[in-house]
Amino acid sequence: MSVDARDTARPAPAEGDAPTWPAAFAERYRATGYWSGETFGEMLRTRAALHPDRIAVVDPAGTGRRWTYAELDARADRLAAGLRADGVRRGDRVVVQLPNVAEFFETVFALFRIGALPVFALPAHRDTEISYFCTFTEAVAYVVADVHEGYDYRELATRVRAQAPTLRHVYVVGDPGEHTALAGVPVPMDTAPHMSGNGPAQDPAPAEAGPAPHDLAFLQLSGGSTGVPKLIPRTHDDYLYSVRASAEICAVDEHGVYLVVLPAAHNFPLSSPGSLGTLAVGGRVVLCPSPDPDTAFPLIEREGVTLTGVVPPLALVWTEAARATTYDLGSLKSLLVGGAKLSETAARRVRPALGCTLQQVFGMAEGLVNYTRLDDDEETVVTTQGRPISPDDEIRIVDDEDRDVEPGTTGHLLTRGPYTIRGYWRAPEHNRRSFTEDGFYRTGDLVRVTGTGHLVVEGRAKDQINRGGEKIAAEEVENVILGHPAVHDVSVVPVPDDFLGERTCAYVILRAGAALRAPALRRFVRERGLAAFKVPDLVEFVDAFPHTGVGKVSKKDLRVTAATSHHETT
Ligand code: OOB
Numbered sequence: 244m245s246v247d248a249r250d251t252a253r254p255a256p257a258e259g260d261a262p263t264w265p266a267a268f269a270e271r272y273r274a275t276g277y278w279s280g281e282t283f284g285e286m287l288r289t290r291a292a293l294h295p296d297r298i299a300v301v302d303p304a305g306t307g308r309r310w311t312y313a314e315l316d317a318r319a320d321r322l323a324a325g326l327r328a329d330g331v332r333r334g335d336r337v338v339v340q341l342p343n344v345a346e347f348f349e350t351v352f353a354l355f356r357i358g359a360l361p362v363f364a365l366p367a368h369r370d371t372e373i374s375y376f377c378t379f380t381e382a383v384a385y386v387v388a389d390v391h392e393g394y395d396y397r398e399l400a401t402r403v404r405a406q407a408p409t410l411r412h413v414y415v416v417g418d419p420g421e422h423t424a425l426a427g428v429p430v431p432m433d434t435a436p437h438m439s440g441n442g443p444a445q446d447p448a449p450a451e452a453g454p455a456p457h458d459l460a461f462l463q464l465s466g467g468s469t470g471v472p473k474l475i476p477r478t479h480d481d482y483l484y485s486v487r488a489s490a491e492i493c494a495v496d497e498h499g500v501y502l503v504v505l506p507a508a509h510n511f512p513l514s515s516p517g518s519l520g521t522l523a524v525g526g527r528v529v530l531c532p533s534p535d536p537d538t539a540f541p542l543i544e545r546e547g548v549t550l551t552g553v554v555p556p557l558a559l560v561w562t563e564a565a566r567a568t569t570y571d572l573g574s575l576k577s578l579l580v581g582g583a584k585l586s587e588t589a590a591r592r593v594r595p596a597l598g599c600t601l602q603q604v605f606g607m608a609e610g611l612v613n614y615t616r617l618d619d620d621e622e623t624v625v626t627t628q629g630r631p632i633s634p635d636d637e638i639r640i641v642d643d644e645d646r647d648v649e650p651g652t653t654g655h656l657l658t659r660g661p662y663t664i665r666g667y668w669r670a671p672e673h674n675r676r677s678f679t680e681d682g683f684y685r686t687g688d689l690v691r692v693t694g695t696g697h698l699v700v701e702g703r704a705k706d707q708i709n710r711g712g713e714k715i716a717a718e719e720v721e722n723v724i725l726g727h728p729a730v731h732d733v734s735v736v737p738v739p740d741d742f743l744g745e746r747t748c749a750y751v752i753l754r755a756g757a758a759l760r761a762p763a764l765r766r767f768v769r770e771r772g773l774a775a776f777k778v779p780d781l782v783e784f785v786d787a788f789p790h791t792g793v794g795k796v797s798k799k800d801l802r803v804t805a806a807t808s809h810h811e812t813t
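Numbered according to my numbering, the sequence shown spans residues 244 to 813.
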């Protein structure tokens, strides 16, 4: 394995934080060219040099902003210099919780250049999640918006700061209140001149060497099935490969205009091919402040959007709205749908309604992403969730004892490859369960493979609810509910839902003599500071849970009960 020259004079990242690929695999992935030896910071620099005046990012909020590649590049440099001056260093973690605003890219590329790791939080996360991310990752900084959708993130930051001893800085996009304005991060004198020109920034003498391509680029969140979310360590090499290959599969080039409809930090709009895939080929990224058709459709028309990615419930809303819209959606070439299973019925509606190609995407923040291809026949596109990006994505379908099943039979999906992690960040115990000894990731998905190598998602073995693409670990919600003094026991399971695919149902056994009603319990969960999408949609009070032969709560039976009973709306 070649050692990058930039590695000298730099401390190695802390040993053991993140399991990595064995040397033989890394060598192969480099030799095949998957890992190109470039960082995200360098990718943007190259792009800005090639076409400085082309628009990179459009943020239509407020008066609207259009940043060229040169401007984004210069802004990332300036912010990187300012953050360095504030003491943010290579390898440090910085929790980034921003809505779909241009500063998301400025921040993320600044951190990429420093080699500090963004920890990608979602705007919906609240005290419980953010405090956990900040303390577990020992984050030195936290970046938020001032107010978004009526919620004041500065107040959240104040509370989190009191809990997280390592957090030295809170940067705010907009009015900073008691914190620091991101726009006001001072630029040290020696780097300031690079920022004034119109062309791409000159390669400034770095205050400190930046990251190497095989270093971690960021920590992404796992939907997970455990009490606390797991963090997914992705390297520049592996992620850049997945975004470039995704752009090729989705035929995105410099004329591509990608609309970021889902939260920008999520792996799907970030990388499939998403904003990063679009920037990697010199296209244009348009931020959509809200996913509803009234916001998205005018932007599609005005900006000539060529592709975007949505979750299945949104695909339903869009296909319905497209029938009556007066906006011209003719520029849209493809709609990527993923994050949860798209029903065949819904899939068949996409092309007639929106006049564009459907691409199903079955991906995961841990790595593996599958796409239906642009030249797949219609039946394949509507009935499968696609095939892997890479010829080197290894797929195994196994039974409960890890034995390969007969071809075409449904089983557990295990995978390993050039952009699938070999372990979560600082979670050795959990890694022993989530990965096989030879490095396959246990996805928790039940899948079968068709004769053409396409995957069909048939179900899920992990203890998770997929609420229209938003993942909820049952255990995380159960732990919060168990904190209620009236609750003796609880079990959280999915309930089928026509629109979202699944909703959450909490089955609760109360303590003897205790009284509690569903609205009070839901309020309790909300007030504990959990993201709103994790608050159970339904609460059912029961006297006992079904049990398995060995006396464990049978979630399988409870799921069946949940699916077949009539639920009062709570
Ligand atoms: C995407 O990533 P995550 O990490 O939020 O969730 C991954 C899980 C998968 O393991 C699977 O259970 C489910 O989400 N999933 C799908 C699916 N796409 C994801 N289940 C059925 N059909 C699909 N098309 O959700 C994600 C990451 C990158 C691209 C797209 C989605």
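Beta carbons: idealized from backbone N, C-alpha and C, even for Gly.
To which residues of the same chain is residue i closer than 7 Å at the C-beta, ignoring the five residues directly before and after it?
{"i": "Pro262", "result": "Arg665, Gly666, Asn674"}
{"i": "Ala670", "result": "Lys473"}
{"i": "Thr663", "result": "Glu609, Gly610, Leu611, Tyr684"}
{"i": "Pro631", "result": "Leu611, Asn613, Ile638"}
Is residue i near ligand 1, in the sense that its beta carbon is under 7 Å from a heavy atom of that ligand?
{"i": "Ser574", "result": "no"}
{"i": "Phe605", "result": "yes"}
{"i": "Lys473", "result": "no"}
{"i": "Gln602", "result": "no"}
{"i": "Thr686", "result": "yes"}
{"i": "Ser586", "result": "no"}
{"i": "Gly276", "result": "no"}
{"i": "Gln406", "result": "no"}
{"i": "Arg703", "result": "yes"}
{"i": "Lys777", "result": "no"}
{"i": "Lys799", "result": "no"}
{"i": "Ala581", "result": "One point to set straight first is that residue 581 is Gly, not Ala, in the sequence displayed. It does: the Cβ of Gly581 is within 7 Å (strictly closer) of some heavy atom of ligand 1."}
{"i": "Gly696", "result": "no"}
{"i": "Val700", "result": "yes"}
{"i": "Ser817", "result": "The structure shown does not extend to residue 817, since the chain is modelled only from 244 through 813, so no value can be given for it."}
{"i": "Gly711", "result": "no"}
Mapping the DSSP letters down to three states, classify residue i as helix, strand or coil.
{"i": "Gly708", "result": "Just to set this straight, residue 708 is Ile in the shown sequence, not Gly. Ile708: strand per DSSP, three-state reduction."}
{"i": "His790", "result": "strand"}
{"i": "Gln463", "result": "strand"}
{"i": "Phe683", "result": "coil"}
{"i": "Gln406", "result": "helix"}
{"i": "Ile543", "result": "helix"}
{"i": "Phe742", "result": "coil"}
{"i": "Ser734", "result": "strand"}
{"i": "Gly520", "result": "helix"}
{"i": "Arg309", "result": "strand"}
{"i": "Ile752", "result": "strand"}
{"i": "Arg802", "result": "helix"}
{"i": "Tyr396", "result": "helix"}
Return yes when the Cβ of residue j is within less than 8 Å of the Cβ of residue i, no when it is not.
{"i": "Ala775", "j": "Arg766", "result": "no"}
{"i": "Leu753", "j": "Val730", "result": "yes"}
{"i": "Gly711", "j": "Val554", "result": "yes"}
{"i": "Lys705", "j": "Gly687", "result": "yes"}
{"i": "Ala523", "j": "Val486", "result": "yes"}
{"i": "Leu462", "j": "Pro476", "result": "yes"}
{"i": "Leu530", "j": "Val503", "result": "yes"}
{"i": "Val548", "j": "Val500", "result": "yes"}
{"i": "Val339", "j": "Val386", "result": "yes"}
{"i": "Arg369", "j": "Leu322", "result": "no"}
{"i": "Ala384", "j": "Tyr396", "result": "no"}
{"i": "Arg336", "j": "Tyr312", "result": "no"}
{"i": "Gln602", "j": "Ser577", "result": "yes"}
{"i": "Ala583", "j": "Asn709", "result": "yes"}
Going by DSSP, what residue range makes up the alpha helix (DSSP H) through residue i?
{"i": "Val486", "result": "479 to 492"}
{"i": "Met607", "result": "Segment 600 to 607 is the beta strand (DSSP E) holding Met607; no alpha helix (DSSP H) there."}
{"i": "Tyr375", "result": "370 to 379"}
{"i": "Asn510", "result": "510 to 514"}
{"i": "Val351", "result": "346 to 357"}
{"i": "Thr562", "result": "555 to 567"}
{"i": "Pro762", "result": "761 to 770"}
{"i": "Ser677", "result": "671 to 677"}
Where does the unbroken beta strand (DSSP E) through residue i begin, and where does it stop?
{"i": "Glu497", "result": "Note, Glu497: premise wrong, no beta strand (DSSP E); not H, not E."}
{"i": "Tyr639", "result": "Residue identity check: residue 639 is Arg in the sequence provided, not Tyr. First-last of the beta strand (DSSP E) with Arg639: 637 to 641."}
{"i": "Lys714", "result": "713 to 716"}
{"i": "Asp302", "result": "298 to 302"}
{"i": "Val338", "result": "336 to 340"}
Tell me which same chain residues have a C-beta within less than 6 Å of the C-beta of residue i, skipping the five on either side of it?
{"i": "Asp481", "result": "Tyr662"}
Looking only at its chain, what residues have a beta carbon closer than 8 Å to the beta carbon of residue i, apart from the 5 residues adjacent to it on each side?
{"i": "Ser439", "result": "Only weak support is given to the placement of Ser439: the predicted model assigns it a pLDDT of 43, under 50, and the question is left unresolved by the model."}
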